[in-house]
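Heads up, the first sequence is in the numbering used here, so the first residue is 84 and it goes up one at a time.
Ideal Cβ placement from N, Cα and C applies to all residues, glycine included.
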Amino acid sequence: MDPVSELREAVISAAAAVRGDVHEGEAGAAPSAPNLERPKRSGQGDYATNAAMLLAPALGVAPREIAPRLAVELAQRLGEALVSHEVAGPGFLNLTLSDAWHRAGVRHVLTAGEQFAGGGASNPERINLEFVSANPTGPVVAASGRHAAYGDSLARILQHHGHSVHREYYVNDAGTQVLKLGESVRARALGQEPPPDGYQGAYVAELAATVEGAADPAVAVSVVAERAVESLLERIKQTMSRYGVSYDAYFSERTLHAGEPSTVDRAIEQLQRTGHVYEHDGATWLRTTTFGDDKDRVLVRGDGAPTYFASDVAYMESKRERGFERQILAVGADHHGYVARMKAAFESLGGDPDSLELLIMQLVHLVENNERTKMSKRRGEFVELDELLDEIGVDATRFFMLQSSHDRTLDLNLDLARSHTAENPVYYVQYAHARIASVLARLGPERVAQALAQDADWSSPDGELHPAERELIKKLLALPAEIAEAAERRAPHRIANYSLELAQDFTAFYRDCKVVGVEPHALESWRIAICVATQRTLALVLGLLGVSAPESM
RNA sequence: GCCCUCGUAGCUCAGCUGGAUAGAGCGGCGGACUUCUAAUCCGUAGGUCGCAGGUUCGAAUCCUGCCGGGGGCACCA
84 MDPVSELREA VISAAAAVRG DVHEGEAGAA PSAPNLERPK RSGQGDYATN
134 AAMLLAPALG VAPREIAPRL AVELAQRLGE ALVSHEVAGP GFLNLTLSDA
184 WHRAGVRHVL TAGEQFAGGG ASNPERINLE FVSANPTGPV VAASGRHAAY
234 GDSLARILQH HGHSVHREYY VNDAGTQVLK LGESVRARAL GQEPPPDGYQ
284 GAYVAELAAT VEGAADPAVA VSVVAERAVE SLLERIKQTM SRYGVSYDAY
334 FSERTLHAGE PSTVDRAIEQ LQRTGHVYEH DGATWLRTTT FGDDKDRVLV
384 RGDGAPTYFA SDVAYMESKR ERGFERQILA VGADHHGYVA RMKAAFESLG
434 GDPDSLELLI MQLVHLVENN ERTKMSKRRG EFVELDELLD EIGVDATRFF
484 MLQSSHDRTL DLNLDLARSH TAENPVYYVQ YAHARIASVL ARLGPERVAQ
534 ALAQDADWSS PDGELHPAER ELIKKLLALP AEIAEAAERR APHRIANYSL
584 ELAQDFTAFY RDCKVVGVEP HALESWRIAI CVATQRTLAL VLGLLGVSAP
634 ESM
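Spelled out as structure tokens, the structure:
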């Protein structure tokens, strides 16, 4: 267990003991788990807990009277690690920990290696994570870069936290939009304008030139559409790969309709068995209102064609059949109306609606000349993700997309991104990593290995830790809780934020604490250890964001 | 009209399952390069946390209403 978790356990245990003292044998309402947090201001110790304030209502005693009792219990549990404590404010207990505790923290980071801050999931699950799933009727647009970065990073974080994650891209290769694409390509190939509700983009003309049989009347439009989709899907995969985003599967919608019976047929049968399906006006309906939807939904239209909703239901069933305990879908803001019906359908299928999560991604607005550009795939007015990557690079794009919470709309100022690339905070984080690499290179691998050895002497006779060292170490040790939070709240942006904070704390350390050549030898060893622990942690978090960690810049 | 969501510094955003005097980056202003990397650092200015009530020992955070932005209310995909 990591040092901060141990500390938290000690606080919880101490709080339980205090509660037991006063209300002997009484079950009572257990107070919610006490916080262990970094005080905002300096001079308030290394950590603070609000346990006394939470115990106050249950005990009927003022928080400031409870805190000293808590301190006694805590002192017993922490021994020499706890240097001092004080009751502050409305009843916080501020804790100051020893230098030795901090040194042990660095050893923990080094020993844990790549597993640092990992495997914390209390209930590891097999998760199916679906993201982007943009229609293969055009290139990947810039806005999808947000979905891609988010889904990919979330997958990495969940995995590091101990879950098993399967990433899928749902390919809508069936239905009218695909047919419209085919019609548009055919029209261009014949030198005509695409139909008014078709696709107008320049890429359609490219497809008209490259797709086999585009202009050949003997080749059905549906076949042209199929080939165009194939070509576009290939292009989408290339963009994703360039962006550092990988999928375990590109799941074809068409396969849901294939076979006798098809997955769609089986899903509908399953729903019929559970009694949630009825016929009305010649169509087949699912009674989603039973499970909280506004209105019932059509599965099969009057003309016998299954709706898109039917495919979605079948897809959920497919994921369930494949053994995923949890389904997470990152969908666009324009899909938020689907949440209720999807959950209702999932429950109708016999699934637990809580194990189906639809995360609503807010929009990305590209701002140029102080105006938001309107993006329409059909009219062909859009910025491609590839263009964005050409201009501001993969690392900067990913970091920018990941910096803010997925449920907030994001303004991406293209003018700024183009002209001030070096101002992106991602370079700040990468720079810290490169700087450490430079320091370590100066020392040489042998000296570094020696400093990291289990029996290396890290403490100079009279040396206390520098405040910058203590701050940096506590930031390192905050990562396990940070990852747990990011994983549980599906919030990669927390990791982006953390990486910036870690880089800041390292830079302060770098400013105040000389490493190479510092006397005595043990102090140099100790600082090398801090540098290595920090460098690895920076590389770890950048990795979770899908951003590179360069050795030099 | 009904439902969802967001509103925090000039700009872009953290902080939000209640905690101490609300933060960062960029931009502004003033400084620092014989240095372990200046893609850096130091200092400084900048806030009615949309508005109004409520709950609480304590509210940017929870509840209600209002205002404003975005989205959704198909036998479309």
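Check, Outcome
"Close beta carbons around V166, own chain, < 6 Å, minus the five adjacent residues each side", "T179 and S181"
"Reference E552, options S247, I613 and L212, closest by Cα", "I613"
"Whole-angstrom distance between V328 and Y361, CA atom to CA atom", "42 Å"
"Of the residues A301, R318 and F483, the one placed nearest Y286, counting alpha carbons only", "R318"
"For Y398, the first and last residue of its enclosing alpha helix (DSSP H)", "Y391 to E404"
"For L562, three-class secondary structure by DSSP", "helix"
"Which of helix, strand or coil DSSP assigns to E568", "helix"
"Q265 and S305 closer than 8 Å at C-beta", "According to the sequence as given, residue 265 is Gly; it is not Gln. Cβ distance < 8 Å, so G265 and S305 count as in contact."
"For A366: DSSP bridge partner residues", "H363"
"Alpha carbon of D379 to alpha carbon of G434, nearest angstrom", "18 Å"
"First and last residue of the uninterrupted alpha helix (DSSP H) at E440", "That residue, E440, is in no alpha helix (DSSP H); its beta strand (DSSP E) goes L439 to M444."
"Local conformation of G284 per DSSP, three classes", "coil"
"Inter-residue CB distance, V509 and D478 (contact presumed, cutoff 8 Å)", "5 Å"
"V328 - DSSP class collapsed to helix/strand/coil", "coil"
"Simplified DSSP assignment, three categories, for F407", "coil"
"Rounded separation between N133 and L153 - CA only", "11 Å"
"Range covered by the alpha helix (DSSP H) that runs through N177", "Counting along the chain, N177 falls outside any alpha helix (DSSP H), though it belongs to the beta strand (DSSP E) covering F175 to L180."
"Alpha carbon of K557 to alpha carbon of I240, nearest angstrom", "21 Å"
"Check: Q410 C-beta below 7 Å from any heavy atom of the ligand FMN", "With respect to small molecules bound, the structure shown includes none, and the ligand FMN cannot be examined in it."
"Residue interval of the alpha helix (DSSP H) (run including A171)", "That residue, A171, is in no alpha helix (DSSP H); its beta strand (DSSP E) goes L165 to A171."
"From I210, A226 and A97, residue whose alpha carbon lies closest to that of E70", "Past the boundaries of the shown model lies residue 70; the chain is included only from 84 to 636, so the question cannot be answered."
"Residue burial classification, Q198 (beta-carbon count within 10 angstroms, cutoff 16)", "exposed"
"Where A110 sits in the DSSP three-state scheme", "Only weak support is given to the placement of A110: the predicted model assigns it a pLDDT of 39, under 50, and the value that follows is read from those uncertain coordinates. In this structure, A110 counts as coil in the three-state DSSP scheme."
"Euclidean distance between Cα positions of V307 and E313", "10 Å"
"Backbone CA spacing between S401 and M323 [nearest angstrom]", "24 Å"
"Three CB pairs or more closer than 8 Å across the segment 511-521 and the segment 610-626", "yes"
"Proximity below 8 Å, CB of W368 to CB of V347", "no"
"Environment of M484 [buried if 16+ CB atoms lie within 10 Å]", "buried"
"Neighbour-count burial assignment, A570, 16 or more Cβ in a 10 Å radius", "buried"
"Identity of the residues DSSP links to N496 by a beta bridge", "V450"
"Coil, strand or helix - N580 by DSSP", "helix"
"Identity of the residue in V396, G546, D417 and E602 nearest Q410 by Cα", "V396"
"Start-to-end residues for the alpha helix (DSSP H) that takes in V531", "P528 to L535"
"Of the residues A116, E120 and G128, the one placed nearest P550, counting alpha carbons only", "G128"
"Supposed contact pair V101 and L138 - C-beta distance, whole angstroms, cut 8 Å", "6 Å"
"Endpoints, the alpha helix (DSSP H) within which T373 is located", "From DSSP, T373 is part of no alpha helix (DSSP H); its letter is neither H nor E."
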